[in-house]
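K.L.:
Before anything else, here's the structure in question.
Chains as they are written, first to last, in the numbering used here: chain A, 1 to 293; chain B, 294 to 580.
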């Protein structure tokens, strides 16, 4: 089954779809091994993997290249990717959708921030007009070749123009053909609960540690009516912490600290398909026995 | 041997209206080098047209332009003046754009004051950013270059929107912000070109687009006015486009190349252009 169709099925199921964030082949494989049904490519994490902050510095080519790496590494799972603003106008959105479909991504979210996202921490976020946002959603919907490719409309209006404006934009995007709405950073539990009630269509919840949205038990989010929960930064922040601790321990003890993954070299490779590749080492050496018999 | 950045700086500083033909790929750059030009202009419009088969409306990414620049820099020894559009975003993006394109092998970067994503300078419906934002981009570019001779060519597209005087005023401010060269895009008469060259203290760039808005005065006249270089960004592309169209149409119509044989480069010229003898020599040397 196509990844896009699988993603549609998962969203149609009664259970909320939990998609942890990956930013490379390692995190993608670990999410797959842990038994999740889908994964999410974080733009912030992808930027971080280039050693850069999430300031809109990476190009569409680099983002899609990372998505292709992730879909190859975790090929059994559908990938939802951060499509940022579509990297320009609705014309750039056209190219972004084309390239993501070719990379094997099952769906992307397109947001209504000004492109490129400015130094957000200095100036605050800036929004494009509703008309421009809806043009991008319409362009994305019209461009996809696979009708199951998921178009998620993200609005950043909550912290700039208020909750009502965010809901208005989300509903406008749903009418323009978006499959799902992603209202970024609701600021109270009441707002979190209100999003699925006021948006006319399925909703995505962004679960960020240390962000503007309070933490929610994902079972409660399901009861509220959310269809997808993404956790973009969970593994990235885990990696920072684990690496910081290991590096500090090395400085302090002058010995290889006991890693959180306490396995030997072989065990490490097995996490990345060593057994499957070993089977291929011998499989093609001899002609298949059945052909002549 | 002088660095490509220093060579380009010298070429522009001579104010001899040196012609820089545009290349969108290594093959065109090789032709430009073989004919004896002194530098190559890496054309963003050409890359959009030839790589994507799309118009010059800001669809190409920095990553893609950098890939083309690196390939062209490997193919020729000439300095490359690279079309860096708007810097692909805001002043913070400009920092990364300069790092990436300098590393790819650019000797000069042309940056412009259009709204991101940009449009071809000879199209209608262009918009420009506020001057302060453009000056911030120039400062970012100047601060970021590792090689002080990397030429920052600041282009303004304001002529078509705000008028000639406003465009000249913008260019003056860009010089104060640190631009090495300025480029007032799409003046529409010989008189406007002369005014630009008189009013601005640094070498100027003229851009001759076949079928575009700026009159083709000829190299001698541009040199008399003191222009640093004259871009013929897509002359090679337009020549190849017409020849390809004519040859393929004849082939379809007649089922053979017989009637258009004189329009095709021979096998030997083709191999010479891509430096096959040089590669043959390398093969012998390392065998």
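By construction, the Cβ of each residue, glycine as well, lies at the ideal position given by its N, Cα and C atoms.
A quick note: this is a predicted structure, and the numbers were derived from the prediction, not measured.
#1: Pull up the CB-CB distance for residue 414 (chain B) and residue 450 (chain B), whole angstroms please, since I reckon it's below 8 Å.
#2: Give the DSSP bridge partners of residue 373 (chain B), in chain order.
#3: Can you find a C-beta in chain B that's less than 9 Å from the C-beta of residue 62 (chain A)?
#4: Could you work out which residues of chain B lie near residue 78 (chain A), taking near to mean beta carbons separated by less than 8 Å?
#5: Quick check: what's the CA-CA separation for residue 130 (chain A) versus residue 550 (chain B)?
#6: Which partner residues of residue 73 (chain A) appear in the DSSP bridge assignment?
#7: Measure from the C-beta of residue 95 (chain A) to each C-beta in chain B and report whether the shortest distance is under 9 Å.
#8: Going by beta carbon distance, what residues of the same chain come within less than 6 Å of residue 481 (chain B), once the five residues before and after it are set aside?
#9: From the DSSP output, read off the bridge partner residues of residue 20 (chain A).
#10: Cβ of residue 378 (chain B) within 9 Å of Cβ of residue 405 (chain B)?
#11: Going by other Cβ atoms of all chains shown within 10 Å of its Cβ, with 16 needed for buried, is residue 330 (chain B) buried or exposed?
#12: Return the chain-ordered ranges of every alpha helix (DSSP H) run that is complete within the stretch 56-134 of chain A and spans a minimum of 4 residues.
#13: Can you confirm whether residue 213 (chain A), when its beta carbon is compared against all beta carbons of chain B, has any partner nearer than 9 Å?
#14: How many Å lie between residue 434 (chain B) and residue 359 (chain B) at the Cα?
#15: Taking the alpha-carbon of residue 567 (chain B) as reference, which of B:540, B:327 and B:306 has the nearest alpha-carbon?
#16: Quick check on this structure: which residue in B:312, B:367 and B:372 has the alpha carbon closest to the alpha carbon of residue 294 (chain B)?
#17: Just to make sure I have the definition right: I need the residues of chain A whose C-beta is within less than 7 Å of the C-beta of residue 350 (chain B). Which are they?
#18: For residue 1 (chain A), count the other beta carbons within 10 Å of its own beta carbon; 16 or more makes it buried, fewer makes it exposed. Which is it?
#19: Would you grab the beta carbon distance between residue 158 (chain A) and residue 185 (chain A) for me? Rounded to a whole angstrom, and I think it's under 8 Å.
#20: Which residues does DSSP pair with residue 403 (chain B) in a beta bridge?
#21: Please report how far the alpha carbon of residue 345 (chain B) lies from the alpha carbon of residue 29 (chain A), in whole angstroms.
#22: Report yes or no: is there a C-beta of chain A within less than 9 Å of the C-beta of residue 356 (chain B)?
#23: Compare the C-alpha of residue 572 (chain B) against each of B:422, B:399, B:368 and B:444 and name the closest.
#24: Counting along the chain, where does the beta strand (DSSP E) carrying residue 174 (chain A) start and finish?
#25: For the stretch 387-421 of chain B, enumerate the residues whose C-beta is nearer than 8 Å to any C-beta of chain A, in chain order.
#26: Which residues does DSSP list as the beta-bridge partners of residue 315 (chain B)?
#27: Pull up the CB-CB distance for residue 78 (chain A) and residue 7 (chain A), whole angstroms please, since I reckon it's below 8 Å.
#28: Establish whether the CB of residue 561 (chain B) and some CB of chain A are separated by less than 9 Å.
P.N.:
Per the coordinate set shown:
#1: Reading the second chain from its first residue, position 121 is the one you call residue 414 (chain B). Reading the second chain from its first residue, position 157 is the one you call residue 450 (chain B). Approximately 6 Å separates the beta-carbon atoms of residue 414 (chain B) and residue 450 (chain B); this is inside 8 Å, confirming the contact.
#2: Taking the second chain and counting its residues from 1, the one referred to as residue 373 (chain B) is at position 80. In the DSSP assignment, the residues bridged to residue 373 (chain B) are B:333.
#3: Within the first chain, numbered from 1, the residue matching residue 62 (chain A) stands at position 62. Nearest CB-CB separation between residue 62 (chain A) and chain B: below the 9 Å threshold.
#4: Position 78 of the first chain, counted from the first residue, corresponds to residue 78 (chain A). Those within 8 Å of residue 78 (chain A) in chain B number zero; the least Cβ separation is about 25 Å.
#5: Here residue 130 (chain A) is taken as the residue at index 130 of the first chain, counted from 1. Here residue 550 (chain B) is taken as the residue at index 257 of the second chain, counted from 1. Whole-angstrom Cα-Cα distance: 55 Å.
#6: Position 73 of the first chain, counting from 1, holds the residue named residue 73 (chain A). DSSP, once it has assigned bridges, lists no residue as partnering residue 73 (chain A).
#7: For the purposes of this step, residue 95 (chain A) is identified with residue 95 of the first chain, where counting begins at 1. Yes, residue 95 (chain A) lies at the interface with chain B (some Cβ there is under 9 Å from its Cβ).
#8: For the purposes of this step, residue 481 (chain B) is identified with residue 188 of the second chain, where counting begins at 1. Hits under 6 Å: 506.
#9: To locate residue 20 (chain A), count along the first chain from 1; it is residue 20. Secondary-structure assignment with DSSP links residue 20 (chain A) through a beta bridge to A:231.
#10: What you label residue 378 (chain B) is simply residue 85 of the second chain in a count that begins at 1. What you label residue 405 (chain B) is simply residue 112 of the second chain in a count that begins at 1. Cβ atoms of residue 378 (chain B) and residue 405 (chain B): closer than 9 Å.
#11: Sequence index remark: in the second chain, residue 330 (chain B) carries index 37 (1-based). With 16 or more other Cβ atoms within 10 Å, it is buried.
#12: The stretch 56-134 of chain A contains these whole alpha helix (DSSP H) runs: 60-73, 90-103 and 120-123.
#13: One-based indexing of the first chain puts residue 213 (chain A) at position 213. No, its Cβ sits nowhere closer than 9 Å to a Cβ of chain B.
#14: For the purposes of this step, residue 434 (chain B) is taken as residue 141 along the second chain, with counting starting at 1. For the purposes of this step, residue 359 (chain B) is taken as residue 66 along the second chain, with counting starting at 1. For residue 434 (chain B) and residue 359 (chain B), the gap between their C-alpha atoms comes out near 16 Å.
#15: In the second chain, counting from the first residue as 1, residue 567 (chain B) sits at position 274. Comparing Cα positions, the closest option is B:327.
#16: Reading the second chain from its first residue, position 1 is the one you call residue 294 (chain B). Looking at the Cα atoms, B:372 is the closest of the given residues.
#17: Residue numbering aside, residue 350 (chain B) sits at position 57 when the second chain is read from its first letter. Within chain A, the residues near residue 350 (chain B) are 91.
#18: The sequence position of residue 1 (chain A) within the first chain is 1, counting from 1. Burial call: exposed.
#19: Here residue 158 (chain A) refers to the residue found at position 158 when the first chain is read from its first residue. Here residue 185 (chain A) refers to the residue found at position 185 when the first chain is read from its first residue. Rounded to whole angstroms, the Cβ separation of residue 158 (chain A) and residue 185 (chain A) is 5 Å, and the two are in contact under 8 Å.
#20: The residue given as residue 403 (chain B) occupies position 110 in the second chain. When DSSP reads this structure, residue 403 (chain B) sits in a beta bridge with B:376 and B:446.
#21: Indexing the second chain from 1 puts residue 345 (chain B) at position 52. Indexing the first chain from 1 puts residue 29 (chain A) at position 29. Rounded to whole angstroms, residue 345 (chain B) and residue 29 (chain A) show a C-alpha spacing of 33 Å.
#22: Walking along the second chain from the start, residue 356 (chain B) turns up at place 63. Closer than 9 Å: yes.
#23: Locating residue 572 (chain B) in the second chain gives position 279, where the first residue counts as 1. For the options B:422, B:399, B:368 and B:444, the alpha carbon positioned closest to that of residue 572 (chain B) is the one of B:368.
#24: Locating residue 174 (chain A) in the first chain gives position 174, where the first residue counts as 1. Counting along the chain, residue 174 (chain A) falls outside any beta strand (DSSP E), though it belongs to the alpha helix (DSSP H) covering 163-175.
#25: Cβ contacts with chain A come from 389, 409 and 410.
#26: Reading the second chain from its first residue, position 22 is the one you call residue 315 (chain B). Residue 315 (chain B) pairs with B:334.
#27: For this step, residue 78 (chain A) is matched to residue 78 along the first chain. For this step, residue 7 (chain A) is matched to residue 7 along the first chain. Going by Cβ atoms, the distance from residue 78 (chain A) to residue 7 (chain A) rounds to 4 Å, so yes, they are a contact pair.
#28: Taking the first residue of the second chain as position 1, residue 561 (chain B) is located at position 268. For residue 561 (chain B), the answer is no, since every Cβ of chain A falls outside 9 Å of its Cβ.
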